[in-house]
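Top to bottom, those sequences are chains A and B.
Each residue of the first sequence is one higher than the one before, starting from 3 at the first, in our numbering.
Each residue of the second sequence is one higher than the one before, starting from 42 at the first, in our numbering.
The beta carbon of each residue, even a glycine, is placed where N, CA and C say it ideally should be.
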Amino acid sequence: MNGARRRLVPYGLLGPGAIWLVLFFVVPMYYMGQMALRSGSLATGGFTFTWEWSNFSDSLSGHEEQLVRSFLYAGSATLIALAIAYPLAYAIALRAGRWKLLLLFAVVAPFFTTYLIRTIAWKTILADASPAVDVLKFLHLVPEDGRVLATGGAVIAGLTYNFLPFMILPIYASLERMDVRLIEAAKDLYASSTKAFIKVTLPITAPGIVAGVLLTFIPAVGDYVNALLLGGTGQAMVGNVIQSLYLQQRDYPEAAALSFLMMAAILVVVAVYLRLAGTGAFMGEEEEAK
Amino acid sequence: MSNATNTTRVARPRVVLAALLAVVAVFAIAACGDGGDSVGGGSDSGTEVAKSGPVEGEITISNWPGYMDTGSRNTVAEFQDKTGVKVDYVEDVNDNAEFFGKLQPQLEEGKSGGRSIFVVTDWMAKQMYDLGYLQEIDHATLPTVFDHLIPSLERPAFDPDRKFSVPWQSGMTGLMVNKKLAPGVKSVNDLFDPQYKGKVTVLSELRDTIPLMLKADGIDPSKASKQQWLDEIEKLGDAVDSGQLRRFTGNDYTQDMTNENVIAAIGWSGDTSLIENPDVEWRMPTQGCILWSDNMVIPKGAPNTPAALEWMNFTYEPKVQADLAAYIQYVTPVTGVKEVFEQQGKTALANNPLIFPSAQFTKNCTTQPDPPGSAEDQQEVTNAFQDVITG
């Protein structure tokens, strides 16, 4: 290979990804961006491009509550998913022995059914007179005259359930790669199990946690299916508002503007989070950490 | 290691430059396109009349779920056998506004997404027609339809000459009630009784829910003012805040009624067949119901209009319609169906007031109205209603 060709190789490798990004990210973003700056209505001659920046403030006014709610629901779902996923991934990676593959399969198996059907199934499981809800009432987790379906709790539970594998798999991968002799070494140095976990296991698996949190949180914030099917009145998330703006109110510019604002809000949250968690952990540079 | 780092360091600015160039190129290409033009706002090509001709080939029909009898000998199969036309029957209309939203960019370009017919409710058909998205129909090409269309549907206000719409089925919006758990629900106002708190749903269709509430308050919805619509929406908002209303629903309230999560709801007359609970029945509200039709329309750009017209004629043959009506259980728009049921000895169907409502039965009912006023006034009402739904 001569020098010129060698220099071209990276571009060739970038090619498919770059084309994909341009076609399915940059182009739609462009159209969404210029839709967000239009004014008018479908009934009165359509939407014209007028640099209508007020769409952004208009789309936010009256919808702050749903925006906050989205981050609250998605944040809760992410924390609960983390609390469930870490012990589970730990058990599968380090304690499952020959059951490892089967257990991993069990984690992924629900994905063989579509997202929508799985969520609708929860409507039957959590129906007011269902055995599941009776048990929750017996345990006093749900008040005697209360319900689970059509509450914020049901939406958070749905989000947690639907995105749980995205939390388990990265954490599992980081635990699987961990050298267990490091824990033994820590114990040889008189660390308690708890201390060994905090000083050794947790830092090594941090990249898995960071990745899992992002993979769960980002789709959960934008989700609208769980709120639509499992939620009731007063539980709409930003996704539901965008859907209503676009399909019911036919205010395409405001829908586009709100989509942009939500994207920006997620970007900020993720940036702050990565800053705190450290990009190094996310990029998988734990080698240096050691 | 250091070598690799060097390469990335050198390559990075170039990659960024390449990416920037790509973005600029995309903007330039897109700007040459429709950058400044208006998006939406109707098709300007003039009127078009659905052409008749030899019946052959294939057609795609979009309809609502539950609007077609099932089995290998159903109406679609019969039509295919009789005419040799291959029918792709798709149940992809779930909500008027949503269907419109999905299809609007194509309709705007004079395309129908391959569909020859789709079925939408009166007000949506009218909006599509006003935007120039629909073909007109020549009554001479639809002899069976206009021989058998029931008189009460011949001159609806939204399409007085039936220029662009042919009813598929009609229906009534009223109360769906679990008679064991909520025996007392007789008026739409009873839905707001605190004893049913959290066990009540209403439809997310503005033109069903609000007019019914207006009627319950003694206001004629066809003459109600914008403020009266907004007042009812506010009342709905209060019911959301107090936890009285469980959800806003489309067809999915049928599942909640089957499971007894919901014991009283605003619902559509034909849906009892979808609710697997013997205690649930459709009730005519004491102050009357809302009447509507779902209509077959032919969009501009529809392929194979001769076969589409033939399909309309076919479904208006009383014997064919009888099979449909027996399954769908909504109000049939075709005359002579009752007689077919009587001949077949199906007296229960022939006497079902939800399929053949008498004038006495529907005496207090109102044809589904639009919110009053200009397009902007209507938009204001729509937005207020949506704000309550996504509250």
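Taking Cβ positions, are B/G212 and B/S310 nearer each other than 8 Å? yes
Beta-carbon of A/K189 versus every beta-carbon of chain B: anything under 8 Å? Not an interface residue.
What does the Cβ neighbour count give for A/Y254, buried or exposed, with the cut at 16 atoms within 10 Å? buried
Is the beta carbon of B/L286 closer than 8 Å to that of B/V321? no
Bridge partners for A/R40 per DSSP, in chain order? A/F51
Which ranges does the alpha helix (DSSP H) cover as unbroken runs of at least 4 residues, wholly within the region 361-426 of chain B, from first to last along the chain? 378-384 and 388-391
Let me know if A/I206 comes out buried or exposed under the rule of 16 or more other beta-carbons within 10 Å of its beta-carbon. buried
Minimum Cβ-Cβ distance from A/S261 to chain B less than 8 Å: no
Own chain residues within Cβ distance below 6 Å of B/A72, not counting five before or after: Any reading at B/A72 must be qualified, since the residue scores a pLDDT of 49, below 50, and its modelled position is unreliable; the value itself is stated next. Cβ within range, chain order: n/a, list empty.
7 Å Cβ shell around A/L166 - same chain, five flanking residues per side excluded: For A/L166, where only same-chain residues beyond five positions count, the Cβ hits under 7 Å are A83, I86 and A87.
Taking only beta-carbon positions, decide if B/T431 is within less than 8 Å of chain A. yes
So that I know if they touch, is there some Cβ in chain A lying closer than 8 Å to that of B/G76? For B/G76, the predicted structure reports a pLDDT of 43, less than 50, and the residue's modelled location is therefore unreliable. The matter cannot be settled from this model.
Under 8 Å between C-beta atoms, does B/F289 make it to chain A? yes
Check the Cβ-Cβ distances between A/E289 and every residue of chain B, and say whether any is below 8 Å. Unreliable positioning characterises A/E289 in this predicted model, as indicated by a pLDDT of 45, which lies under 50. The coordinate reading is nonetheless provided below. A/E289 does not count as touching chain B.
Looking at B/A166 and B/T346, is the spacing between their C-beta atoms short of 8 Å? no
For B/I158, the first and last residue of its enclosing beta strand (DSSP E): I158 to T162
Taking C-beta to C-beta, are B/Q409 and B/R203 nearer than 8 Å? no
Pick from A/R7, A/G48, A/H65 and A/G17 that is closest to A/N242, judged by C-alpha positions: A/H65
Comparing the C-beta of B/N135 with each C-beta of chain A, is any distance below 8 Å? no
Who are the Cβ neighbours of A/R40 in its own chain at under 7 Å, not counting the five residues just before and after it? F49, T50, F51, T52, E54 and P255
Just checking: is the beta-carbon of B/N318 within a distance shorter than 8 Å of some beta-carbon in chain A? no
Strictly below 7 Å CB to CB, what residues from chain B border A/V243? T431
Where the beta strand (DSSP E) containing A/A238 begins and where it ends: Note, A/A238: premise wrong, no beta strand (DSSP E); not H, not E.
Taking the alpha carbon of A/P145 as the point to measure from, which residue in A/A259, A/G154 and A/V135 has its own alpha carbon closest? A/V135
From what residue to what residue does the beta strand (DSSP E) around B/G142 run? Residue range N137 to E149 is occupied by the alpha helix (DSSP H) that includes B/G142, with no beta strand (DSSP E) assigned at that position.
In chain order, what are the residue ranges of uninterrupted alpha helix (DSSP H) at least 4 long that sit wholly in the region 175-249 of chain B? 184-189
Hey, out of A/A98, A/D60, A/V28 and A/F219, whose CA is closest to A/S78's CA? Ranked by Cα distance from A/S78, the first of A/A98, A/D60, A/V28 and A/F219 is A/F219.
Whole angstroms is fine: what's the gap from B/E99's alpha carbon to A/V215's? So the alpha carbons of these two residues sit roughly 50 Å apart.
Along chain A, in chain order, which residues have C-beta atoms closer than 8 Å to that of B/I428? As written in the sequence, residue 428 of chain B is Asp, which differs from the Ile given in the question. Ordered by position in chain A, the residues that pass the 8 Å Cβ test against B/D428 are G64.
Alpha carbon to alpha carbon, how far is A/F262 from B/Q147? 24 Å
Interface partners of A/A238 on chain B, CB under 8 Å: I430, T431 and G432
Identify the contact partners of A/R149 in chain B, using a Cβ-Cβ distance below 7 Å as the criterion. Result: G239.
At the 8 Å Cβ level, is B/N230 part of the contact set with chain A, yes or no? no
Which whole-angstrom value describes the C-beta separation of B/F159 and B/V134, a residue pair presumed to lie in contact below a C-beta threshold of 8 Å? 6 Å
B/E325 versus B/P197, B/K227, B/N292 and B/G432, residue with shortest Cα-Cα distance: A quick correction: the sequence has Met, not Glu, at residue 325 of chain B. Nearest option by C-alpha distance: B/K227.
What separation, rounded to the nearest whole angstrom, lies between the Cα atoms of A/L276 and B/F141? 41 Å
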